[in-house]
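Participant: At position 45 of the sequence shown the residue is numbered 101 (our numbering), and the sequence of numbers has no breaks.
Note that the Cβ used here is the ideal one computed from N, Cα and C, for glycine as well.
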Amino acid sequence: MAAMLQFCVQAISCCSGDRHSLVPLNDDTPTNSEASICSDSESLKCREVVALAEDLLPGRQMSAWQRSWCTAETVQIYLRGRQGDVHAAAKILAEALEWRGRNQDILSGSRMPQWQSDLRVLTCAESGQPILYICFRHVVAGNIAETLAHTALALEAGVLSLRGGAQEFDIIVDCHGFGPQHLDPRPLLPFMAMIKQPYRDRMRSAILVGAPMAFNFLYKVASRFANEKTRRKAKFMSVEEAVTHFRCIAGRDAARVVEGIMASNRQGMDCQPGEVKGRHLPSELDDIASPFRRSSAQDTLPPPMRTSGGWDVMQSSKVRDGIHRRGSVHQLEDFEGRKLPGKVAHVAGLDYGSSSWGLPRISACSRQVPERHSAPAEVGTSRWGCCRRRSHRRV
């Protein structure tokens, strides 16, 4: 009897320890203090999923950095996604781990991407859900690799910002400034792949604010790569509806931050991606942004070109100080006044071209053209939100 009692005490003491990781820890395996503690049966099933996933990785090996991500809370997300099927859960977990291995330099903060927008963690709800924000006014189109790297880092910062037991974040897509240059659908497939596996079940909602009719093209393309559960998370709202929505689900303080940033982005027309005064990437939350280096990527970007808003250029017949007349050709300069190669043609504030997909592409205000070209054509917008082109006489 005494021996049996001693055995039971040892078993209880063994099972009462904290389980911060699903694998035996050693000196080079970091821990996650926020990992959830699961029951014995769940822990065994999670360990089995991790072991099977490791066999599916290239070389059948999992790095210590990948292993530290496999907490009970994380692995259970993949088990729920496959209704408890261990082998199916291991397959999608291996896909996520392989993706994280390829992007370890970005996700760990050892390399900062070249910022392609203002996408970042903006604030946090009272219940602990982070709120990510991006405005199309500050989105630079064209560099798909850096756009995806920027997106991955912002999503990773969103997961690191989870508080109080929260497991999901919200994303606000502010469509102010959306134009034909943003119609390139190539980044959509890898972005949806991020949401599908590496950040599975992390997005609580996607609030699309002020979406124009042309935005429906991107939405329909993205919907093809999302299941019904993910599609239901997307909601179209006006600015006022979005502020009211976040006041209800996130609290007054978070709603006030959201309202302030959307109002600020509607003052002016210039595109300012990355870190500017008063903006920190990948997160505005001090406790999350501090581990990431902030200056390396932005310092490598060239100074922005001198541009004027489309409305200012169209009004140049009335106000000509500092604004070139429409249809004229002038020397291209940066903000510091240095002359750049080539000339610039002012076309009602818009630059008309075509992407490799045959889609219309418009960039802000000016376009570099050969000097032998005559006055460019004027670009307008049809009643359906599509791009139309008509010629006009030389000014």
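Which term fits D342, buried or exposed, when burial requires 16 or more other beta carbons within 10 angstroms of its beta carbon?
Facilitator: D342 should be labelled exposed.
Participant: Starting from D230, follow its DSSP beta bridges and name the residues at the other end.
Facilitator: Beta-bridge pairing links D230 to C191 and V265.
Participant: Could you give the C-beta distance for S339 and V177, rounded to a whole number, given that I count them as a contact under 8 angstroms?
Facilitator: Between V177 and S339 the Cβ distance is about 4 angstroms, and since that is below 8 angstroms, they are a contact.
Participant: Where Y189 and I251 are concerned, what is the direct C-alpha to C-alpha distance, given to the nearest angstrom?
Facilitator: The alpha-carbon atoms of Y189 and I251 are separated by roughly 16 angstroms.
Participant: Just reading off the alpha helix (DSSP H) that M293 is part of, what are its end residues?
Facilitator: Unbroken run through M293 is the beta strand (DSSP E), A290 to M293; no alpha helix (DSSP H).
Participant: Just to check my reading of the structure: V265 and A298 have Cβ atoms closer than 8 angstroms, yes? What is that Cβ distance to the nearest angstrom?
Facilitator: Indeed they touch by this definition, with Cβ atoms about 5 angstroms apart.
Participant: Which term fits H143, buried or exposed, when burial requires 16 or more other beta carbons within 10 angstroms of its beta carbon?
Facilitator: Exposed: under 16 other Cβ atoms inside 10 Å.
Participant: Give the secondary structure of F225 by DSSP, where H, G and I count as helix, E and B as strand, and everything else as coil.
Facilitator: Three-state result, F225: strand.
Participant: Determine, using beta carbons only, whether A9 and I162 come nearer to each other than 8 angstroms.
Facilitator: In the structure as shown, the chain begins at 57 and stops at 451. Residue 9 is therefore absent and cannot be evaluated.
Participant: Between which residues of its own chain and E90 is the CB-CB distance below 6 angstroms, once the five residues before and five after are set aside?
Facilitator: The predicted position of E90 is uncertain, since its pLDDT is 40 and thus under 50; no value can be drawn from it.
Participant: Report yes if the C-beta distance between L211 and P186 is below 8 angstroms; otherwise report no.
Facilitator: Not a contact, by the Cβ cut-off of 8 angstroms.
Participant: Return the first residue and the last residue of the beta strand (DSSP E) that T127 is part of.
Facilitator: Where T127 is concerned, there is no enclosing beta strand (DSSP E), given that its DSSP letter is neither H nor E.
Participant: Going by the CB atoms, is the gap between P241 and L204 shorter than 8 angstroms?
Facilitator: No; because the gap between Cβ atoms is not below 8 angstroms, this pair is not in contact.
Participant: Smallest Cα separation from P236: which of A249, N272 and G214?
Facilitator: With distances taken between Cα atoms, P236 lies closest to N272.
Participant: Cβ atoms of H206 and L175: under 8 angstroms apart, would you say?
Facilitator: Against a cut-off of 8 angstroms, the Cβ pair of H206 and L175 comes out as a contact.
Participant: Determine the burial state of P114: buried for a count of at least 16 other Cβ atoms within 10 Å of its Cβ, exposed for fewer.
Facilitator: With fewer than 16 other Cβ atoms within 10 Å, it is exposed.
Participant: Let me check understanding here. Comparing Cα to Cα, which of W121, A120 and C126 lies closest to V106?
Facilitator: Residue C126 is the option with its Cα nearest to V106.
Participant: Could you pull the start and end residues of the alpha helix (DSSP H) that R176 belongs to?
Facilitator: R176 -> not in any alpha helix (DSSP H); beta strand (DSSP E) instead, spanning R176 to C180.
Participant: With DSSP collapsed to three states, give me the class of P243.
Facilitator: Three-state result, P243: coil.
Participant: Can you tell me whether R260 is helix, strand or coil according to DSSP?
Facilitator: In the structure shown, R260 sits in a strand (DSSP, three-state: E or B).
Participant: Which residues bound the alpha helix (DSSP H) around W155?
Facilitator: Unbroken alpha helix (DSSP H) run through W155: V142 to R158.
Participant: Mind checking which residues open and close the alpha helix (DSSP H) that includes M325?
Facilitator: First-last for M325: undefined, no H or E at that position.
Participant: Once you ignore the five residues that flank I200 on each side, which residues in its own chain have a CB closer than 7 angstroms to its CB?
Facilitator: The answer, listed in chain order, is R242 and P243.
Participant: Between G414 and the rest of its own chain, which residues show a CB-CB distance below 6 angstroms, the 5 nearest in sequence each way excluded?
Facilitator: Reliability of the predicted coordinates at G414 is poor, the pLDDT of 39 falling under 50, and the value obtained from them is presented with this limitation in mind. No residues qualify anywhere along the chain.
Participant: Just to confirm before moving on: does the CB-CB distance between R260 and E315 stay below 8 angstroms?
Facilitator: It is not a contact, given that the beta carbons lie outside the stated cut-off.
Participant: Taking the C-alpha atoms as reference points, what is the distance between V295 and I263?
Facilitator: About 10 angstroms.
Participant: Do Q117 and G157 have their C-beta atoms within less than 8 angstroms of each other?
Facilitator: Not in contact: Q117 and G157 (Cβ atoms no closer than 8 angstroms).
Participant: Rounding to the nearest angstrom, what Cα-Cα distance links D309 and L153 in this structure?
Facilitator: Cα-Cα distance, rounded: 36 angstroms.
Participant: Using C-beta distances below 6 angstroms, list every residue in its chain close to G233, excluding the 5 sequence neighbours before and after it, in chain order.
Facilitator: Taken in chain order, the residues that qualify are F192 and R193.
Participant: Measuring CA to CA, which of T179, E151, D230 and R335 is closest to M318?
Facilitator: M318 has its Cα closest to that of D230, out of T179, E151, D230 and R335.
Participant: Indicate the three-state DSSP secondary structure (helix, strand or coil) for G378 in the structure shown.
Facilitator: Any reading at G378 needs caution, since the residue's pLDDT is 40, under 50, leaving its predicted position unreliable; the model's value is listed next. Coil, per DSSP.
Participant: Can you check which of these residues, R303, R322 and G334, is closest to E182 by C-alpha distance?
Facilitator: For the residues R303, R322 and G334, the minimum Cα distance to E182 belongs to R303.
Participant: Can the beta-carbon of A145 be found closer than 8 angstroms to that of G137?
Facilitator: Result yes, Cβ atoms of A145 and G137 sit closer than 8 angstroms.
Participant: Look at the alpha carbon of C327 and the alpha carbon of W171, and state the distance between them as a whole number of angstroms.
Facilitator: In a straight line, the C-alpha of C327 is about 12 angstroms away from that of W171.
Participant: Quick one: give me the first and last residue of the alpha helix (DSSP H) that V332 is part of.
Facilitator: Run containing V332: none; DSSP gives neither H nor E here.
Participant: Quick check: what's the CA-CA separation for W155 versus P254?
Facilitator: The straight-line gap from Cα to Cα measures roughly 7 angstroms.
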